[in-house]
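Everything below concerns the one structure shown next.
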Amino acid sequence: MNTERRTTKTGTTWMDHELGILRFEYAPGSVCKLPDAKENIKHQLEVSGGKTVPILVDVTKAKEVDGESRAYYASIKTFSAMALVIASPIGRVIGNIFFAVYGTRGLPTKLFTSEADAIQWLKTFIK
Amino acid sequence: MAEDVHQVTEIDVERRLEELQEVIFALVAFNYQAKAPLSDRNDIFDGMAAGLNMLGEELAASTISKKYVLSILQSIKDFIVVTDSSGAITMVNDALCEASGYEEEELVGKPLGQILPGISVAAVIEARTASGEESYLTQKGGGALLVATTASVFVERGQVTGIVCVARDLTQAKRAEEERLALRDAVNKQAILLDELLTPIIPIADDVLILPIIGSLSDDRARRVTEALLQAVVSRRARLVLLDITGLRGIDATVVQGILRAVEAVKLIGADIVLTGIRPEVAALMVTFDINLDRLVTYGTLQAAIQSALGLRSRGSRSGRSA
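Protein chains in written order, with my numbering: chain A, 12 to 138; chain B, -2 to 320.
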């Protein structure tokens, strides 16, 4: 079982095997540019072992996720669903704008202020 | 998080609101690069600042400004004019103004017919498009430019609101066409001159012509020689033609056939024809082709044929060496 945690400049990725959910949490005050986004996705794909799993992204502590990063994240179709936890003013804006621009791209995406609610929703996508 | 907001002083609030206001002004002015600063507090102001910053990024990625589009239209060298559905001009580009001599203000609101009288807005709207038609662009000074026009309906939100007309100056193309025609004319004249040089029909008496054939004789040249010879015989009422082939080169079966066709044609219109300058290889070829030489009068040299022809005239009869 792969329990490895991968930490980059902008956040940490790990697989919650108990829940069957891939998780990514932005580091406090992180500013995410395109190279950071690519690095994060690379780790997320490696940690999930190439399986199609739901992902929980906690953007609460992020300071900025720029436009190129958002577009890149939106282009990744590997996950079965994406829950964005947005329990801060900046996180709320990042989540809402991401959802407004890319929410209809085909990948089920939903915003949550509570991690527990996000997990509950993502469980419905676990095969 | 709420506690953090309460810790911000009134001066801070004012400063941060001004920062947000600056970014709003920039966005309104299509400056999508402006960014509002973010603090590390992740407070409501940071949320608003992040929102404006992201809005600018999304607009920069998805919006094309009117200024940008107009710059494209103004850069196009073809003449562009847009009208409303009544035919009143709503927009023209710089190229059209330059060519017509009108300022944009002089044209906007005026009927399209003022500058493009050959285009019917109603007809374009009905047909939805009209292309490849030649028309004239009226110039302010009273002149007119020949143009090729393409027009199509202008659709906004699904409704036809006018037409867009693109006109291309044909002056240069017309001039090039005229030059091409002039060149073709000159080439034709040269071809005629060449024909005349290739078929130098020389009258040596009122009714006697000499035609020396020099060089090679292709099918085409043989045809032209025959035509020129027949015309000369008819126009000069010639009774005798001396066809000299001393200078003929590259003789083969086709050439011999060509000569014999000329001989037969001259005879058909009632003139006599004498063949001179037959070299041995030509004679050999004629024999090889089993050509009937009974009716062919020949002389070894042109000089002998001329002497004979002129002698015949003076004696009122004709003699020669029938082959």
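No residue lacks a Cβ here, since even glycine has one placed at the ideal position from N, Cα and C.
query = According to DSSP, is B:Thr285 helix, strand or coil?
reply = Note: B:Thr285 maps to helix in three-state DSSP.
Note to self: Along the stretch 82 to 109 of chain A, where does the CB come closer than 7 Å to a CB of chain B? Name the residues.
What the structure shows: If the cut-off is 7 Å between Cβ atoms, the stretch 82 to 109 of chain A has Ser99, Pro100, Ile101, Arg103, Val104, Ile105 and Ile108 near chain B.
Next on the checklist: Cβ closer than 7 Å: which chain A residues qualify as neighbours of B:Gly44?
Outcome noted: The contacting residues are Pro100, Ile101, Arg103 and Val104.
| said: Between which residues of its own chain and B:Thr196 is the CB-CB distance below 6 Å, once the five residues before and five after are set aside? | reply: In chain order, Val222 and Ala225 place their CB closer than 6 Å to the CB of B:Thr196, counting only its own chain and leaving out the 5 sequence neighbours on each side.
- Skipping 5 residues on each side, what residues in its chain have a beta carbon closer than 7 Å to that of B:Ile73? Take B:Ile73, set aside five residues on each side of it, and the residues of its chain with a beta-carbon closer than 7 Å to its own are Asn90 and Ala92, in chain order.
query = Do you know whose CA, among B:Gly155, B:Arg233 and B:Leu142, lies nearest B:Lys171's CA?
reply = It is B:Leu142.
Using beta carbons (cut-off 8 Å, strictly below), is B:Glu55 in contact with chain A? It does: the Cβ of B:Glu55 has a partner Cβ on chain A nearer than 8 Å.
* the stretch 138 to 158 of chain B / the stretch 180 to 197 of chain B touching (three or more Cβ pairs under 8 Å) -> Cβ pair count under 8 Å is below three, so no.
Item to complete: Using the Cα positions of A:Ile193 and A:Lys62, report the straight-line distance between them to the nearest angstrom.
Response: Examination of residue 193 of chain A is not possible in this model, given that chain A is present from 12 through 138 alone.
Review point. Distance, Cα to Cα, B:Leu134 vs B:Glu123?
Key: So the two alpha carbons sit approximately 22 Å from each other.
- Task: Please name the residue, chosen from B:Ala280, B:Gly267 and B:Asp203, that lies closest to B:Ala306 on a Cα-to-Cα basis.
- Result: In terms of CA proximity to B:Ala306, B:Asp203 leads the group B:Ala280, B:Gly267 and B:Asp203.
>> Here's the rule I'm using: 16 or more other beta-carbon atoms within 10 Å means buried, otherwise exposed. How should B:Gln30 be labelled?
In response: It is exposed - the Cβ of B:Gln30 has fewer than 16 other Cβ atoms within 10 Å.
For A:His222 and A:Thr19, I'd like the C-alpha separation in whole angstroms. This structure leaves residue 222 of chain A out entirely; chain A is present only between 12 and 138.
- Message: By DSSP's criteria, B:Ser132 is part of a beta bridge. Which residues make up the other side?
- Response: The secondary-structure analysis by DSSP pairs B:Ser132 across a beta bridge with B:Val144.
Worksheet item: Can you name the residues of chain B whose CB is closer than 7 Å to the CB of A:Tyr68?
Response: Before going on, a small fix: residue 68 of chain A reads as Val here, not Tyr. Ordered by position in chain B, no residue passes the 7 Å Cβ test against A:Val68, which lies about 16 Å from the chain.
Fill in: 7 Å Cβ cut-off: residues of chain B touching A:Gly40
Here the neighbours are Asp37.
Review point. Just to confirm, are B:Asp241 and B:Gly212 a CB contact at a threshold of 8 Å?
Key: With respect to the 8 Å criterion, B:Asp241 and B:Gly212 are not classified as neighbours on the basis of their beta carbons.
Proximity winner among A:Arg17, A:Arg34 and A:Leu56, relative to A:Asp69 (alpha-carbon distances):
The shortest Cα separation from A:Asp69 among A:Arg17, A:Arg34 and A:Leu56 belongs to A:Arg34.
Discussion item. On the CB-based measure, 16 or more other CB atoms within 10 Å of its CB, does B:Asp37 come out buried or exposed?
Written reply: The residue in question, B:Asp37, is exposed, as its Cβ has fewer than 16 Cβ neighbours within 10 Å.
Cutting at 8 Å between CB atoms, please list the residues of its own chain near A:Tyr83, excluding the five before and the five after it.
Once the five neighbours on either side are set aside, the close Cβ partners of A:Tyr83 are Leu45, Ala48, Lys49 and Ile52.
Report task. Take A:Ser8 as the anchor and find which of A:Pro100, A:Glu57 and A:Tyr113 has the nearest alpha-carbon. Result -> Any answer about residue 8 of chain A is impossible in this case: the structure gives chain A only from 12 up to 138.
Next item on the list: Sort B:Gln300, B:Glu153, B:Thr80 and B:Gln187 by Cα distance to B:Val163 and report the nearest one.
Entry: Closest by C-alpha distance to B:Val163, out of B:Gln300, B:Glu153, B:Thr80 and B:Gln187, is B:Thr80.
Does A:Tyr113 come out as helix, strand or coil in the three-state DSSP assignment?
Three-state result, A:Tyr113: helix.
Enclosing alpha helix (DSSP H) for B:Glu193 [first to last residue]
Per DSSP, B:Glu193 belongs to the alpha helix (DSSP H) from Thr168 to Leu195.
Would you mind telling me which residues of chain B sit closer than 9 Å to A:Glu75, beta carbon to beta carbon, in chain order?
What A:Glu75 touches in chain B: Leu35, Ala47, Asn50 and Met51.
Q.
Helix, strand or coil for B:Leu269? Go by DSSP, reduced to three states.
A. First, the residue type needs correcting, since residue 269 of chain B is Asp and not Leu in the sequence shown. Correct three-state label for B:Asp269: strand.
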